[in-house]
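Below is one structure, written out as structure tokens; the observations come after it.
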Amino acid sequence: MISIIVPVFNCENYIGRCLRSLLNQTLSKEKYEIIVIDDGSTDKTSYALELFKEDIKIIRNRENIGLPASLNKGIKFSDSEFIVRVDADDYVNSNYLNLLKLYLEFNKNVDAVACDYLLIDDKEKVISRENCLRKPIGCGIMFKKKQLIKIGMYDETFLMNEEKDLR
546 MISIIVPVFN CENYIGRCLR SLLNQTLSKE KYEIIVIDDG STDKTSYALE LFKEDIKIIR
606 NRENIGLPAS LNKGIKFSDS EFIVRVDADD YVNSNYLNLL KLYLEFNKNV DAVACDYLLI
666 DDKEKVISRE NCLRKPIGCG IMFKKKQLIK IGMYDETFLM NEEKDLR
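Residues 546 to 712 (the working numbering) are what the sequence shown spells out, left to right.
Right, dumping it as structure tokens:
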């Protein structure tokens, strides 16, 4: 089982596209769950999430606790073997989960796998293709949950670059 952790704060314009891409995976829906942590949004994000409430799990923070703490909350809530983070303004290929999961299953000595990604503009035009090793980002990394917990998860004191510390 895979848990997709989606932290969200005031992303009403993007969260629908993100969730639609996650719900449109080639991997069977019984093999993954989507956990959205609404970190005290003050825009219409809550309304947007309600449109997907049948297909996702929603955790609502009463107040904004920050990205690392929200991610850790989602990880602790999960019962899955694998964890992957996708930010609210991201969207993914329909084979995304299947490919990352297969890699980890066939490479038992590997604790995490990352994928390359595309940078796009506001009109969804591709700006560039990025190599995840040369330009790492926090999203697109699937972890074995037990290893993520073993290394202490995200450092909640980080206000930015929390993914660099985790790597």
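Built from N, CA and C at the ideal position, the CB exists for glycine as well.
Item to complete: May I have the straight-line CA-CA distance separating V658 from S573, to the nearest angstrom?
Response: When only Cα atoms are considered, V658 and S573 end up about 20 Å apart.
Worksheet entry | Entirely enclosed beta strand (DSSP E) segments - the segment 630-682, minimum 3 residues | The qualifying runs are 657-659, 662-665, 671-675.
Fill in: Local Cβ density within 10 Å of D667, reported as buried at 16 or more and exposed below that
The residue in question, D667, is exposed, as its Cβ has fewer than 16 Cβ neighbours within 10 Å.
Practice prompt. Kindly list the residues whose CB is nearer than 8 Å to the CB of N555, restricted to its own chain and excluding five residues on each side of it in sequence; keep chain order.
Written response: S586, T587, D588, T590.
Fill in: Cα-Cα separation between M546 and P613, rounded to whole angstroms
Between the alpha carbons of M546 and P613 lies a gap of roughly 23 Å.
Worksheet item: Measuring from the CB of V655, is there a heavy atom of the ligand ZN at a distance below 7 Å?
Response: The ligand ZN is not part of this structure, which contains no ligands at all.
Discussion item. Looking at the secondary structure, which residues open and close the alpha helix (DSSP H) in which S566 lies?
Written reply: Its alpha helix (DSSP H) spans residues 560-568.
Worksheet item: Taking contact to mean at least 3 C-beta pairs separated by less than 8 Å, is the segment 591-603 in contact with the segment 629-644?
Response: The segment 591-603 vs the segment 629-644: no contact.
Fill in: Start and end residues, beta strand (DSSP E) containing E578
577-583 is the extent of the beta strand (DSSP E) around E578.
Worksheet item: By a C-beta neighbour count over all protein chains shown, 10 Å radius and 16 as the cutoff for buried, is V671 buried or exposed?
Response: Exposed, since its Cβ has fewer than 16 Cβ neighbours within 10 Å.
Worksheet entry | Spatial distance of N706 from L645 (CA atoms) | Here N706 scores only 49 on pLDDT, less than 50, and its place in the model is too uncertain to base an answer on.
Discussion item. Can you list, in chain order, the residues of its chain with a C-beta nearer than 6 Å to that of D632? Leave out the 5 residues immediately preceding and following it.
Written reply: Annotation for D632: C684 place their beta carbon closer than 6 Å to its own, counting only its chain and skipping 5 residues before and after.
Item to complete: Name the residue from K602, G611, D635 whose alpha carbon lies nearest to the alpha carbon of G561.
Response: Nearest to G561 by C-alpha distance, out of K602, G611, D635, is D635.
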